[in-house]
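**Student:** Note that our numbering has the sequence shown beginning at 443, numbered continuously upward. What follows is a structure written as structure tokens; I'll ask about it next.
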Amino acid sequence: MISGKRPVLVACLLAVLLLVGTVHPVVAAQTTEVERAQERLQAANRAYQTALVTVDVAQEAGVETGEFDERLDEADEALTDGVDAVRATPPDTERALEAATRAERLSLAVEEDATVATQQALADAAIERERARLSSSADEWLQRAEADRADGQFAAVERDLQYAQHAAQATHYEAYLQNLSAQGLDPVALDAEVAAFDEAVESGTLAPREASQLRQSMRRADVCVRRLHAATLAIERADQTSSVLVSADLTAATAAHQEGYDALERGEYDVACRAAETAQTAADSETRRVQSTLETDVLAKTVDAVYDTLRAMIPGFGDDTVASTTVVHPPTLVVVDVSPVSVTVVPPTPSVTPLDFTAEAVTTPVPSEPDEQVVDDVDATPEREETAKPERAQAEPVATAEPERAQTDRVEQPVREETVRFVIRIDGVDECGTTCRDVTGTLRNVGTGDAHNVEVDMALSVDGSVLWTGTQSLGTVPAGETRTISQRIVLGFGEALQARSNGTVDVLITVRSDEETQTIRDTVAV
443 MISGKRPVLV ACLLAVLLLV GTVHPVVAAQ TTEVERAQER LQAANRAYQT
493 ALVTVDVAQE AGVETGEFDE RLDEADEALT DGVDAVRATP PDTERALEAA
543 TRAERLSLAV EEDATVATQQ ALADAAIERE RARLSSSADE WLQRAEADRA
593 DGQFAAVERD LQYAQHAAQA THYEAYLQNL SAQGLDPVAL DAEVAAFDEA
643 VESGTLAPRE ASQLRQSMRR ADVCVRRLHA ATLAIERADQ TSSVLVSADL
693 TAATAAHQEG YDALERGEYD VACRAAETAQ TAADSETRRV QSTLETDVLA
743 KTVDAVYDTL RAMIPGFGDD TVASTTVVHP PTLVVVDVSP VSVTVVPPTP
793 SVTPLDFTAE AVTTPVPSEP DEQVVDDVDA TPEREETAKP ERAQAEPVAT
843 AEPERAQTDR VEQPVREETV RFVIRIDGVD ECGTTCRDVT GTLRNVGTGD
893 AHNVEVDMAL SVDGSVLWTG TQSLGTVPAG ETRTISQRIV LGFGEALQAR
943 SNGTVDVLIT VRSDEETQTI RDTVAV
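As structure tokens, then:
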């Protein structure tokens with residue numbers, strides 16, 4: 443019985459195998475097309491989420507984002523249409539692919555346009571800030587910055603603003619030198635440095651480190667000018683202390699004083715400062731000698747009293763004071779804060795949750811907030827049922843996910859940029875002599891970015907009069923790393939006496955890098 447039906451069973455099996463072999467390639471091809479459509483929609487969703495955070499950054503920069511929001515609404519609708527096409531029975535993969543292409547194209551265009559708009563807003567703000575604080579000598583470079591901003595050349599804008607700062611600084615340097623020249627000083631070496639700097643700024647060919655080297659030369663020269671002026675005052679005090687019988691011998695002091703000014707004109711700042719210290723020490727020594735002699739010699743003291751009385755009563759009597767060879771009153775050295783200006787936009791990378799094609803409706807997730815962000819005054823949101831509809835679309839009554847880009851529920855994404863910030867600690871002060879101290883400390887970069895070309899400038903002053911300056915170069919200080927600061931502070935007798943008499947010393951520490959300039963001021967008891 444069974445053997446009689448075997449041909450029929452074999453025929454049925456063959457028919458089934460033939461049917462299966464015919465249908466399987468069609469099903470496989472259809473599955474492949476659906477997967478490809480889903481992948482394209484996921485890519486479009488990632489582009490959409492990136493555009494969202496880019497527009498948020500633009501809004502934070504003050505850009506009007508209404509037009510971007512409208513275009514993103516179109517991208518949202520295209521994503522929704524693509525999801526519906528994939529979930530249709532049978533899936534409409536051609537329609538889904540077209541929707542994905544449209545959503546991605548719209549999102550990429552919005553991202554690009556929002557980035558440009560943000561850079562334009564940042565450039566406008568930076569140009570206005572520099573115009574408000576810089577002198578008119580920077581106008582030419584500020585005009586170039588405006589032209590480059592209009593052309594979308596934002597790297598050129600950053601360069602133009604840097605040169606505007608240098609141009610303003612060059613003007614202050616020239617004013618300082620003109621003041622010295624008007625008082626009879628001819629700082630030939632410094633004039634040449636400033637002229638070369640001014641020419642390089644004007645032509646836009648400033649070499650790396652040239653600005654910092656000139657700044658250091660100007661500061662050293664300014665310190666020498668102030669020390670030479672202090673020596674001038676010491677010589678005048680010694681001369682005024684002299685009497686008819688006891689006079690101060692100012693030969694050594696005036697010779698060292700003139701030697702200091704000559705060295706200053708040649709650009710030999712260490713020699714100039716040492717000569718100023720020698721002149722002041724010699725003058726102060728003569729002052730003490732004359733005062734001591736007058737105190738112990740009764741005759742000299744009596745004659746000196748009579749002489750002072752006659753000089754007060756008779757105009758011009760005894761007017762034979764010894765003047766120093768050169769008297770220069772220190773002008774004010776204005777130092778412009780020169781630091782890089784950035785108009786670069788780096789939107790945060792969104793954390794994109796893939797589209798879910800298995801739910802009743804597909805949700806287009808918005809970027810999740812970082813763990814460290816804290817949003818005040820926002821109530822906890824109840825758990826919501828996951829749907830398969832993009833969040834930017836209007837939810838149906840049965841849908842539960844509200845579009846997070848609605849005006850009332852919009853949560854701002856922070857802009858994550860690498861920053862540089864320094865913390866300085868003084869670890870110890872050791873004596874190396876009567877007026878010498880070795881200062882050690884630690885500098886730490888507590889920011890998130892590396893600091894390049896780091897310099898630490900330190901200055902000590904009393905009542906605005908600079909006593910000492912020093913600079914230490916630290917090179918690159920990576921984020922989170924520390925560097926040791928060490929300075930040997932050697933004061934002249936006059937500076938040390940001035941500090942002790944005042945009781946306190948003002949300390950100014952300036953840390954400069956290509957990315958950041960940070961200033962720390964403190965007053966230390968002595």
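The beta-carbon is built from N, C-alpha and C at its ideal position, and this holds for glycine as well.
Pairs of beta-carbons, one from the region 531-540 and one from the region 496-512, closer than 8 angstroms: are there three or more?
**Tutor:** Judged by Cβ distances under 8 angstroms, the region 531-540 makes no contact with the region 496-512, as fewer than three pairs qualify.
**Student:** Whole angstroms is fine: what's the gap from Asp664's alpha carbon to Glu873's?
**Tutor:** The alpha-carbon atoms of Asp664 and Glu873 are separated by roughly 27 angstroms.
**Student:** Measuring CA to CA, which of Leu632, Leu797, Val932, Asp712 is closest to Ala479?
**Tutor:** Residue Leu797 is the option with its Cα nearest to Ala479.
**Student:** Under the rule that 16 or more other beta-carbon atoms within 10 Å means buried, what is Ile931, buried or exposed?
**Tutor:** Per the 10 Å Cβ criterion, buried.
**Student:** Please name the residue or residues paired with Arg886 in a DSSP beta bridge.
**Tutor:** Beta-bridge pairing links Arg886 to Val865, Thr924.
**Student:** Buried or exposed: which applies to Pro812, given that a residue is buried once 16 or more other Cβ atoms fall within 10 Å of its Cβ?
**Tutor:** Low confidence applies to Pro812: its pLDDT is 44, below 50, so where it sits in the model is not reliable, and the reading given next is rough at best. Exposed, since its Cβ has fewer than 16 Cβ neighbours within 10 Å.
**Student:** If the criterion is Cβ atoms closer than 9 angstroms, does the pair Ala921 and Asp956 meet it?
**Tutor:** Their beta carbons are not under 9 angstroms apart, which means Ala921 does not touch Asp956 by this criterion.
**Student:** Could you tell me the alpha carbon to alpha carbon distance between Thr683 and Ser579, rounded to whole angstroms?
**Tutor:** Distance between the alpha carbons of Thr683 and Ser579 is about 48 angstroms.
**Student:** From the DSSP secondary-structure annotation, give me the bridge partner or partners of Ile931.
**Tutor:** In DSSP, Ile931 forms a bridge with Arg879.
**Student:** Which residues in the same chain have their Cβ closer than 6 angstroms to the Cβ of Pro832, if we skip the five residues on either side of it in sequence?
**Tutor:** Only weak support exists for where Pro832 lies, its pLDDT of 44 falling under 50; the value from the coordinates is given anyway. Around Pro832: Asp518, Leu521, Thr522, Thr806.
**Student:** Could I get the ranges of all uninterrupted alpha helix (DSSP H) runs contained in the region 674-708, with 4 residues as the minimum, in chain order?
**Tutor:** Fully enclosed alpha helix (DSSP H) runs of 4 or longer: 693-708.
**Student:** Measure the alpha-carbon distance for Ser483 versus Ala559 and round it to whole angstroms.
**Tutor:** With the sequence shown as reference, residue 483 is identified as Leu, and Ser is not the correct amino acid for it. In a straight line, the C-alpha of Leu483 is about 27 angstroms away from that of Ala559.
**Student:** With Ser903 as the anchor, note down where its beta strand (DSSP E) starts and where it stops.
**Tutor:** Element bounds for Ser903: 893-904.
**Student:** Could you tell me which uninterrupted alpha helix (DSSP H) segments, each at least 4 residues in length, are contained entirely in the region 603-669, listed from first to last along the chain?
**Tutor:** Entirely contained in the region 603-669, the alpha helix (DSSP H) runs reaching 4 residues are, in chain order, 630-645.
**Student:** In its own chain, which residues sit with a C-beta less than 6 angstroms from the C-beta of Ala489, not counting the 5 before and 5 after it?
**Tutor:** Glu546, Ser549, Leu550.
**Student:** Excluding the 5 residues preceding and the 5 following Ala542 in the sequence, name in chain order all residues of the same chain whose CB lies nearer than 8 angstroms to its CB.
**Tutor:** Once the five neighbours on either side are set aside, the close Cβ partners of Ala542 are Ala479, Arg482, Leu483, Ala485, Ala486, Ala520, Leu521, Gly524.
**Student:** Helix or strand or just coil, what does DSSP make of Gln914?
**Tutor:** Here Gln914 sits in strand by DSSP.
**Student:** Buried or exposed: where does Arg963 fall if 16 or more other Cβ atoms within 10 Å of its Cβ makes it buried?
**Tutor:** Exposed, by the Cβ-count rule.
**Student:** Any idea what DSSP makes of Ser907, helix, strand or coil?
**Tutor:** It is a strand residue.
**Student:** Exposed or buried, what is Asp590 when buried is set at 16 or more other beta-carbons lying within 10 Å of its beta-carbon?
**Tutor:** Buried, since its Cβ has 16 or more Cβ neighbours within 10 Å.
**Student:** Tell me the DSSP secondary structure of Val599 in three-state form.
**Tutor:** Three-state result, Val599: helix.
**Student:** Going along the chain, which residues of its own chain have a beta-carbon closer than 6 angstroms to the beta-carbon of Glu475, five neighbours each way excluded?
**Tutor:** The residues are Thr535.
**Student:** Determine the direct distance from the alpha carbon of Ser734 to that of Glu641, and round the result to whole angstroms.
**Tutor:** The straight-line gap from Cα to Cα measures roughly 56 angstroms.
**Student:** Thr926 and Gly870: beta carbons closer than 9 angstroms?
**Tutor:** No, the pair does not count as a contact, with Cβ atoms beyond the cut-off.
**Student:** In whole angstroms, give me the CA-to-CA distance for Val643 and Ala609.
**Tutor:** Taking the straight line joining both Cα atoms gives about 6 angstroms.
**Student:** Using three-state DSSP, classify Asp534 as helix, strand or coil.
**Tutor:** Of the three classes helix, strand and coil, the one that applies to Asp534 here is coil, per DSSP.
**Student:** Report the option in Gly945, Thr959, Val953, Glu937 whose CA atom is closest to the CA atom of Ala673.
**Tutor:** Here the closest residue by C-alpha is Glu937.
**Student:** What distance in whole Å lies between the Cβ atoms of Thr729 and Asp698, which are believed to be in contact at a cut-off of 8 angstroms?
**Tutor:** Reading off the sequence shown, one finds Ala at residue 698, where the question assumed Asp. Between Thr729 and Ala698 the Cβ distance is about 15 angstroms, and since that is not below 8 angstroms, they are no contact.
**Student:** Where does Thr738 land, buried or exposed, given buried means 16+ other C-beta within 10 angstroms?
**Tutor:** Counting Cβ neighbours within 10 Å, Thr738 comes out exposed, since fewer than 16 surround it.
**Student:** Between Tyr703 and Leu916, what straight-line distance do the alpha-carbon atoms span, to the nearest angstrom?
**Tutor:** So the alpha carbons of these two residues sit roughly 32 angstroms apart.
**Student:** How far does the beta strand (DSSP E) with Thr720 in it extend, from its first residue to its last?
**Tutor:** No beta strand (DSSP E) contains Thr720, which is instead part of the alpha helix (DSSP H) from 711-738.
**Student:** I'd like the list of long-range same chain contacts for Gln561, defined as Cβ closer than 7 angstroms, with 5 residues on each side in sequence excluded.
**Tutor:** Excluding positions up to five away in sequence, the list reads Phe596, Val785, Val787.
**Student:** May I ask you to list the residues that DSSP assigns as paired with Gly870?
**Tutor:** In the DSSP output, where bridge partners are listed per residue, Gly870 has Thr882.
**Student:** Roughly how many angstroms lie between the CA atoms of Leu706 and Ala714, to the nearest whole one?
**Tutor:** So the two alpha carbons sit approximately 5 angstroms from each other.
**Student:** Mind checking whether Ala725 and Ala653 have CB atoms under 9 angstroms apart?
**Tutor:** No. Outside cutoff.
**Student:** Where does Asp602 land, buried or exposed, given buried means 16+ other C-beta within 10 angstroms?
**Tutor:** Under this definition Asp602 is a buried residue.
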